[in-house]
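Residue numbers for the sequence shown follow my numbering, beginning at 14 and rising by one.
Virtual Cβ for every residue (Gly too), placed ideally from N, Cα, C.
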Amino acid sequence: MSLFNHLITSAEEKFEFAEWWRLRKESLVNGDIGIIMASREGTPAGFITYLVQDGIGKLEACHVLDVPERQDIAVGLLERGIGLLRKRDDLMGISGELYYIAGSIDPLAEYLRKEGATVYIRVGMIRALDDTIPVHVLPKGYSLREWTFNDIPEVAAFFCQAFEDSIDLVFWEHFDHLEKAITYIENVASSTVWSHVPLTNASISYNGQMCAATLCGVPEKNKGAIYLGVIREHRRKRLGSFLLAQALTAFKNASFKTVGLEVTHRNTAAYQFFRNHGFRDSHRLIGYTFFSR
Ligand SMILES: CC(C)(COP(=O)(O)OP(=O)(O)OC[C@H]1O[C@@H](n2cnc3c(N)ncnc32)[C@H](O)[C@@H]1OP(=O)(O)O)[C@@H](O)C(=O)NCCC(=O)NCCS
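So, in C-alpha cells, the structure goes:
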C-alpha cells in the first residue's frame, strides 16, 4: 500500500485526517518535517505540512481542494497541526503562514485568535509588465547606485530600519536581527544574480547614508519579486516611486512577464502606493505566531 493510500484510509468522522512525520536531523537544526492530510471517503481534500526548526514549530503549506467545505477542512487541518506541535515540550513557540487563495479567510483567522495566536493578514499583489513603465526623476541631493554582495551587511541594516514600523511579526523574523537579515538577503539576492537580472538591487543615499533601497528576487521563472523600503524621514519624496520604476524596468528588459510582492494588510501606505503603481491583489496570506509558553 502506498504512503498516500495508507494516510487516506485512516478515517475518522466526516473527514479523515492522517499524520505522517519523520526526523530530518541531517538537514535541519532539531528538525522534524511532517504532513497532515484530510480526505473524505478515500478522496483527498487537502493537506498541511509542518516542520520544526531552531526550536520553533512552523505550519508551512496548507492546500485545500475547491470544495464547499474548504474552510472547515482548513480549520480542521490547522487544529490538528497546532495540537500536534503543542503536545511537544521542546518547542519555544509556533509560527506559520497559510496561503488562502480564494474565499473568506475569517474562520481561519478567528480560530487562530481564539487559540491565542497573534494573527497577521498579508495581501499578495501582482503587476504585469506589458505597459510602458513611467520614468521618475531622482530628487536633488540624492544619489543612486546598484548594490552588490559586498554591500549586504549595510543593506540588511537598512532594511531592518526601513521595515521596522510596517511589516508583520511573522515576516519580521527575517528582519529583527541583523544576522538573520543578512542571511535572508543573501538568499533572495542570489536568486536575482543567478538569473542575471541587472539593476534590480539599487539604493539611494543622502549625505552618504542609505535612505531607500530595493531587494529583488526571482521566486519563479519569469516572475520577479520586489522588497522596497524608504527610511521614514525620506518618504513622500518619490524615492520609492523612482526605485520601483527602476526595478520594474529592469525586470521588463530581462523579459519577465510579471512582478509580485506582499504587503501587510494594515500597511495602507504601501498598499496604496503599489495600487497606484499598477499592482492588483492576487492572494491573501495569514501569518500567525504563538509565543513561547
Ligand atoms: C511604501 C513606501 C516604499 C513608499 O515610498 P515613498 O518614497 O514614500 O513613496 P513615493 O513618495 O514615491 O510615492 C508616494 C505616493 O505613494 C502613495 N503613498 C505613499 N505613502 C502613503 C501614505 N502614508 N498614505 C497614503 N498614500 C501613500 C501616495 O499615492 C503617494 O503620492 P503623494 O505623495 O502624491 O500622495 C514607503 O512608505 C516605505 O518604505 N514604507 C515602509 C516599508 C514598506 O512598507 N515597504 C513595502 C513592503 S515591501
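If you draw a straight line from the Cα of Cys75 to the Cα of Leu142, it is about 30 Å long. Sequence-distant partners of Gly291 (beyond 5 residues in either direction) whose C-beta falls short of 6 Å from its own C-beta, in its chain, are Arg140.
Straight through space, the alpha carbons of Leu241 and Val231 are spaced by roughly 15 Å.
Closest option to Glu167, judged by alpha-carbon separation, among Thr56, Val276 and Phe188: Phe188. Within the segment 92-167, the complete alpha helix (DSSP H) segments at least 4 residues long are 119-127, listed from N- to C-terminus. Short note on Thr281: C-beta closer than 7 Å to some heavy atom of ligand 1.
Nearest neighbour of Asp164 by Cα position, chosen from Gly109, Thr196 and Phe184, turns out to be Thr196.
According to the DSSP secondary-structure assignment, Ser254 is paired through a beta bridge with no residue. For Thr271, the enclosing beta strand (DSSP E) begins and ends at Thr271 to Thr277. By the C-beta criterion, the segment 271-291 is judged to be in contact with the segment 129-136, since at least 3 inter-stretch pairs fall below 8 Å. Inter-segment contact for the segment 257-275 and the segment 142-153 is present: three or more beta-carbon pairs are separated by less than 8 Å.
Where Thr302 is concerned, the enclosing beta strand (DSSP E) starts and stops at Arg293 to Phe303. Taken from the Cβ of Phe176, at least one heavy atom of ligand 1 lies inside 7 Å. Just so you know, the alpha carbons of Thr227 and Glu73 end up roughly 26 Å apart. Exposure of Val150 is indicated by the presence of fewer than 16 other C-beta atoms within 10 angstroms of its C-beta. Around the C-beta of Met223, 16 or more other C-beta atoms lie within 10 Å, and the residue is accordingly described as buried. A check of alpha carbon separations from Gly94 across Glu82, Ser108, Arg158 and Gln84 identifies Ser108 as the nearest. Arg126 has its alpha-carbon roughly 27 Å from the corresponding atom of Gln285. Taking C-beta separations shorter than 8 Å and ignoring five residues to either side along the sequence, the partners of Ile69 in its chain run Leu104, Met105, Gly106, Ile107 and Ser108, following chain order. Beyond the five residues adjoining it in sequence on each side, Arg101 comes within less than 8 Å, by CB distance, of Val65 and Gly70 in the same chain, given in chain order.
Where Thr227 is concerned, the enclosing beta strand (DSSP E) starts and stops at Gln222 to Glu233. Remark: the C-beta of Arg135 is outside contact range of ligand 1, defined as less than 7 Å to any heavy atom.
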